[in-house]
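Every position in the sequence shown, counted from 1, becomes a number in this note's numbering once 8 is added.
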Amino acid sequence: MTEAWGLTLAAALILLNGFFVTAEFALVRLRVTQLRSLAQSKGLRGRLLARMHRQLDAYLSATQLGITLASLALGWIGEPATAHLLAPALAALGFGDGAVLYSVSLTVGFALIAFLTIILGELVPKSLAIRRSVPVALWVSVPLYAFYWLMFPAIWILNASSQWILRIFSLRGQEPVGDAPHSRDELAMILALSQAQGVLGRRSGDLLERALDFNELSAGDLARPAADMVCLQQDASMDAIRAELIAHRFTRYPVCAGDRQHIVGLVHVKDLLVELSRPTATLHMKRILRPLPSVHKDLPALDLLTHFRSGQPHFALVVDDLGTITGFVTLDHVLEALLGPIPDEFGHRRREWVAQPDGSWLGAGSLSIYSLERVLGRDIDEAGEADSIGGLLMQRLER
């Protein structure tokens, strides 16, 4: 083989090595969601990519076989050809001739081939595949598919051997890492990175982060303390009812017979206004009384939202395992967990936690742990059954 042919083959083998490295990283970088879109929009190449990703281990074996064959051939052809090219120049520099010149030229040729292989056959293709995974994957799909079937017997033997070794370590059949679903924490990290890189705006990122948190919340996390519930007495006079409406201006009021543990129903302010406008001296509370549902404190927040969307009143009592009323929750509380604080149309916004000059926060002990987590912007490690800040403190103090 002439020197020119040897150098030409060496350059081709470096590029071939780069092709298989590019194919390997491009396949691994592709996401399942991208593959579904490519299969529908990119014709044959998109469908081939989807098929290859379903047999990812086999096609990665094909890329590894290609890299190995190209590297072996490069060492066999490229190093001697480069050594012959460098020999005259090294002889002119005083390295003599014979065995010394041959050893030096071979060493320098090996170093040069290794340098070019690492740069042009490894690093550049890898960076290209990582940065432009979709177009690169489409470009390599047809040649890689053809190489896979051309070398199928060898690839089958390699893949079967690797599966046999994996079986020894009880790893056969496990999903590749790239196809595993993301955990909640991983999704939160993806959102944070997307915001940092400008892919998502701050408001969009906050909304998606709240949606992730929402799946882990319960009715007890969203509830307000029972002590904050404004109730109307069942036997209250019309003047007392008017005073309550003027003082609080809520839309819905629980009606109790005595204390807050004896709730008999719910009234809507529209029904109250109609009754108060009648030319009578007596308010017929029972006539406008509506059933008031109760939900367990451990009811998932998503189920609570479904409950409110099913036509139930947008107000519910929250009870514990013994049936004791521990708080109340409204549709507004659920929406605030998803969207953040929502002031009413009058600009009223009640703050549960008040920032203090020394950097601390002041709030009632009956407030939920989740409300403090939102203020602090981090999770609180809560062991046990504590639902409120007061309960958590008692638990930590072991009282």
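We treat Cβ as the ideally placed atom computed from N, Cα and C, and that holds for glycine.
Nothing here was measured: the structure is a model prediction, and the numbers come from that model.
Sequence-distant partners of Thr259 (beyond 5 residues in either direction) whose C-beta falls short of 6 Å from its own C-beta, in its chain, are Val277. Taking Leu136 as the centre and dropping the five residues before and after it, the same chain places the C-beta of Thr30, Val144 closer than 7 Å to its C-beta, in chain order. Here Arg386 carries a coil assignment [DSSP, helix/strand/coil]. Taken through DSSP and simplified to helix, strand or coil, Ala200 comes out as helix. For the 9 Å CB-CB criterion, Ala345 and Phe222 form a contact. Ile127 has its alpha-carbon roughly 19 Å from the corresponding atom of Ile85. For Val275, the closest alpha carbon among the candidates Glu283, Gln269, Arg286, Ile296 is that of Ile296. Just measuring C-alpha positions, the residue of Thr16, Ile22, Ala70 sitting nearest Leu35 is Ala70. Looking at Asp229, Arg386, Leu38, Ala204, the one whose alpha-carbon comes closest to that of Arg140 is Leu38.
Annotation for Phe155: the continuous alpha helix (DSSP H) segment containing it runs 141-158.
At the C-beta level, Gly228 and Gly335 come within 9 Å of one another. Proximity of the stretch 364-380 to the stretch 230-237 meets the contact definition, three or more beta-carbon pairs being nearer than 8 Å. With 16 or more other Cβ atoms from the protein chains shown falling within 10 Å of its own Cβ, Ile249 counts as buried. Segment contact: the stretch 326-343 against the stretch 242-257, fewer than three CB-CB distances shorter than 8 Å; contact not assigned.
In the three-state DSSP reduction, Gln403 falls in the helix class (H, G or I). Burial state of Ile176 is exposed, judged by a 10 Å Cβ sphere holding fewer than 16 other Cβ atoms.
Secondary structure of Phe33 (DSSP, three-state): helix. When the five nearest sequence neighbours on each side are left out, the beta carbons in the same chain lying within less than 8 Å of the beta carbon of Glu130 are those of Asn25, Gly26, Val29, in order along the chain. Spatial neighbours of Ile163 in its own chain (CB-CB distance under 7 Å, excluding positions within 5 residues in sequence) are listed in chain order as Ala66, Ser69, Ala70, Leu73, Tyr156. For Ile350, the three-state secondary structure derived from DSSP is coil. Taken through DSSP and simplified to helix, strand or coil, Gln42 comes out as helix.
If you draw a straight line from the Cα of Gly209 to the Cα of Leu216, it comes to about 11 Å. Excluding five sequence positions before and after His322, the CB atoms of its chain that fall closer than 8 Å to its own CB belong to Arg260, Phe316, Thr338, Leu339, Asp340, given in chain order.
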